[in-house]
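First up is the structure itself, then whatever we jot down about it.
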Amino acid sequence: MGDRIVARGLGFRHSTRKQFAFRGVNIDIPAGQRVLLVGASGVGKSTLLAAVAGVLGPDEGEFEGQLTVGDQPPAPGRVGMVLQDPDSQVMYARVGDDVAFGCENMGVAREEIWRRVPEALSMVGLDLPLDHPTSELSGGQKQRLALAGVIAMQPDVIVLDEPTANVDPEGTRDLLAAVQRCVDATGATLLVVEHRVDIWAPQVDRVIVLGRSDDDAAESNGAGAVVADGSPEDVLVGSSEFLRRIGIWVPEAYDENRGDDAGMPVVHEQSAGDMKEQPVLQARGLVTGWAIDAPMGTVVQCSTARCSSDTSGLDLEVFAGSSTVITGVNGVGKTTLALTLAGLLEPLAGTIQVKEYKRPPQQWSSRALARRIGFVFQDPEHQFMAPTVREELLLAAASQTLPPDGLARFFGQFGGVKSYLKRLDGQHRVAAEAEAASLLERLRLEQLQHANPFTLSGGQKRRLSVATALMAKPSIVILDEPTFGQDRRTFFELVELLRDLTRAGSAVISITHDPLFIELMGDQRWNLEAAR
-5 MGDRIVARGL GFRHSTRKQF AFRGVNIDIP AGQRVLLVGA SGVGKSTLLA AVAGVLGPDE
55 GEFEGQLTVG DQPPAPGRVG MVLQDPDSQV MYARVGDDVA FGCENMGVAR EEIWRRVPEA
115 LSMVGLDLPL DHPTSELSGG QKQRLALAGV IAMQPDVIVL DEPTANVDPE GTRDLLAAVQ
175 RCVDATGATL LVVEHRVDIW APQVDRVIVL GRSDDDAAES NGAGAVVADG SPEDVLVGSS
235 EFLRRIGIWV PEAYDENRGD DAGMPVVHEQ SAGDMKEQPV LQARGLVTGW AIDAPMGTVV
295 QCSTARCSSD TSGLDLEVFA GSSTVITGVN GVGKTTLALT LAGLLEPLAG TIQVKEYKRP
355 PQQWSSRALA RRIGFVFQDP EHQFMAPTVR EELLLAAASQ TLPPDGLARF FGQFGGVKSY
415 LKRLDGQHRV AAEAEAASLL ERLRLEQLQH ANPFTLSGGQ KRRLSVATAL MAKPSIVILD
475 EPTFGQDRRT FFELVELLRD LTRAGSAVIS ITHDPLFIEL MGDQRWNLEA AR
């Protein structure tokens, strides 16, 4: 049976912030209830979830009010938590060991652990041997593996933080079914944070909406608080216009104003570039993958689009002023292809040519790569280096003057970010400051310019990572899942920003599972299938 969750006047302020993430939160969730927590990007949803899970330590910020889980203060280990990034939760090389990890930390007897592990795997629909390599799992399977680890711990509360953000449609359906089976079987209280309201609304008893005191202000103004609470029908139907205005994706089935585009940001259509011109990027006979040195030789995992193992590889073309989307199931090789096109990974075979340059991007210097191809990693934190949001953007602009031998010499010679930024000449710095200010305002990060990038919400981190890629004004921009963590408002604003790039003549390449993004940005569409 689940535990009751009660918050009274609850607030939390991160230690590096002046503003509370949320404040004055009053909720009472009965044991066994299934709740969907929604709100605009950066409103404090994930922070509230972390508070319930008991993973916010006293050194991380300041609490006010009261919070209890099962009539006790929250504590790590009593609440099972699944995060949005599938890879961040895999701890071991084998499936069985990974599921057992949480139980081992709780001191559960060995015999009991290995009784629970196969039961948990069965409950989430992972019919795999216990020694199956976790490295061979897709993103959706990794999320179900994380859920199995939570189930094996037998918590009374399960919290999910955007669990489908980086999962393909098939993996999303499997994960949703797994969660449903779990809560049906265990009676656990379920609390889900998700922007994708349509897939969760039919599965929950209640929807709680976090919002700001001024819903028309920039998202960083004001502390988050409960602005709507009730059954899915009462909240989503009765307040659909208000919810759309503050950035909530109201499903069509619940939207009382469906068919009315009021409040819908305008995204201007764009042609697919001039196909008569020479492509700005082209690949011939391209085969991508990872080569792993092993005692018996080289083991190659290779995924290519629309080709089998006996073909000669991919022939791809990208044109100036066009937007290309790359789709395919988790694990098929989309990110590997993107890294290869960006010059960050060597191809296993074939060639890549960028217009006006004789050498392929893999042979360019760090400085040239930063100037010519902007890349947004799937995990935003993989590209953060500066102590503040503003300095992160200035560093991206300054990367155009990096020493030819790259970042290692950069930090050794100049003593880090702040020392290097002081060396920018006046004219270049003025231009960089102006561009940074413009992007911060446009991406709703202006009020967070002095915050540490690692303390931002998932959606804010994503928008910052996009902004850093654009600071150098590259002619080619490649983005891995650019819209994850975005609410309705920031989604359309981000799409419009990318469309502005194509209108200015840049080529945009995006990896995505989002059908609306595909519709709006898919001038060219590459669907990847595993090599056979």
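Residues -5 to 526, numbered by this note's numbering, are exactly what the sequence shown covers, in order. Ideal placement from N, C-alpha and C gives every residue a C-beta, glycine not left out. Note that the coordinates shown come from a computational prediction; the quantities given were computed from them, not determined experimentally.
| query | result |
| --- | --- |
| Since residue 63 contacts residue 73 with CB under 8 angstroms, what's their CB separation in whole angstroms? | 6 angstroms |
| State the Cα-Cα distance for the pair residue 438 and residue 129, rounded to the nearest angstrom. | 37 angstroms |
| Taking the alpha-carbon positions, what's the residue 224 to residue 243 distance? | 17 angstroms |
| Please tell me whether residue 449 and residue 477 are closer than 8 angstroms, where the distance is taken between their beta carbons. | no |
| Would you decide whether residue 475 is buried or exposed? Buried here means 16 or more other CB atoms lie within 10 Å of its CB. | buried |
| For residue 22, name the three-state secondary structure that DSSP assigns. | strand |
| How is residue 321 classed by DSSP in three states: helix, strand or coil? | strand |
| Determine the contact status of residue 156 and residue 187, defining contact as a CB-CB distance below 8 angstroms. | yes |
| In the DSSP assignment, find the beta strand (DSSP E) that holds residue 243 and state where it starts and stops. | It is not in any beta strand (DSSP E) - residue 243 carries neither H nor E in the DSSP assignment. |
| Note down the Cα distance separating residue 492 from residue 357, rounded to an integer number of angstroms. | 27 angstroms |
| Looking at the structure shown, is residue 504 part of a helix, part of a strand, or coil, going by DSSP? | strand |
| Do residue 202 and residue 220 have their C-beta atoms closer together than 8 angstroms? | yes |
| Considering only DSSP beta bridges, list what residue 527 is partnered with. | The structure shown has nothing for residue 527, since the chain only spans -5 to 526. |
| So, are the CB atoms of residue 217 and residue 5 less than 8 angstroms apart? | yes |
| Note down the Cα distance separating residue 393 from residue 386, rounded to an integer number of angstroms. | 11 angstroms |
| Round the Cβ separation of residue 152 and residue 144 to the nearest angstrom and send it over; I've been treating them as touching at under 8 angstroms. | 6 angstroms |
| Please report the Cβ distance between residue 23 and residue 183, rounded to the nearest whole angstrom; I am assuming they are in contact, meaning their Cβ atoms lie under 8 angstroms. | 6 angstroms |
| Would you mind stating whether residue 10 and residue 425 have Cβ atoms separated by less than 8 angstroms? | no |
| Compare the Cα-Cα distances from residue 147 to each of 165, 233, 109 and 169 and report the closest residue. | 109 |
| When the Cα atoms are used, what is the spatial distance from residue 180 to residue 138? | 16 angstroms |
| Are the beta-carbon atoms of residue 274 and residue 313 separated by less than 8 angstroms? | yes |
| How big is the Cα-Cα spacing for residue 495 and residue 18? | 41 angstroms |
| In whole angstroms, what separates the C-alpha of residue 347 from that of residue 330? | 17 angstroms |
| Is the distance from the Cβ of residue 46 to the Cβ of residue 107 below 8 angstroms? | no |
| Would residue 276 and residue 230 be called neighbours here (beta carbons separated by less than 8 angstroms)? | no |
| According to the Cβ coordinates, are residue 39 and residue 80 closer than 8 angstroms? | no |
| According to the Cβ coordinates, are residue 463 and residue 370 closer than 8 angstroms? | yes |
| Which term fits residue 299, buried or exposed, when burial requires 16 or more other beta carbons within 10 angstroms of its beta carbon? | Per-residue confidence for residue 299 stands at a pLDDT of 41, beneath the threshold of 50, marking its modelled position as unreliable; no derived number is given. |
| In chain order, what residues of the same chain have a beta carbon less than 7 angstroms from the beta carbon of residue 97, not counting five sequence neighbours either side? | 107, 110, 146 and 147 |
| Secondary structure at residue 284, three-state DSSP: helix, strand or coil? | strand |
| So what's residue 343 in DSSP terms, helix, strand or just coil? | strand |
| Would you call the CB atoms of residue 134 and residue 59 closer than 8 angstroms? | no |
| Just confirm the distance between the C-beta atoms of residue 89 and residue 114, as a whole number of angstroms; I'd bet it's less than 8 angstroms. | Going by Cβ atoms, the distance from residue 89 to residue 114 rounds to 11 angstroms, so no, they are not a contact pair. |
| Is DSSP giving residue 133 helix, strand or coil here? | helix |
| Since residue 320 contacts residue 520 with CB under 8 angstroms, what's their CB separation in whole angstroms? | 5 angstroms |
| Looking only at C-alpha atoms, which of 503, 12 and 25 sits nearest to residue 55? | 12 |
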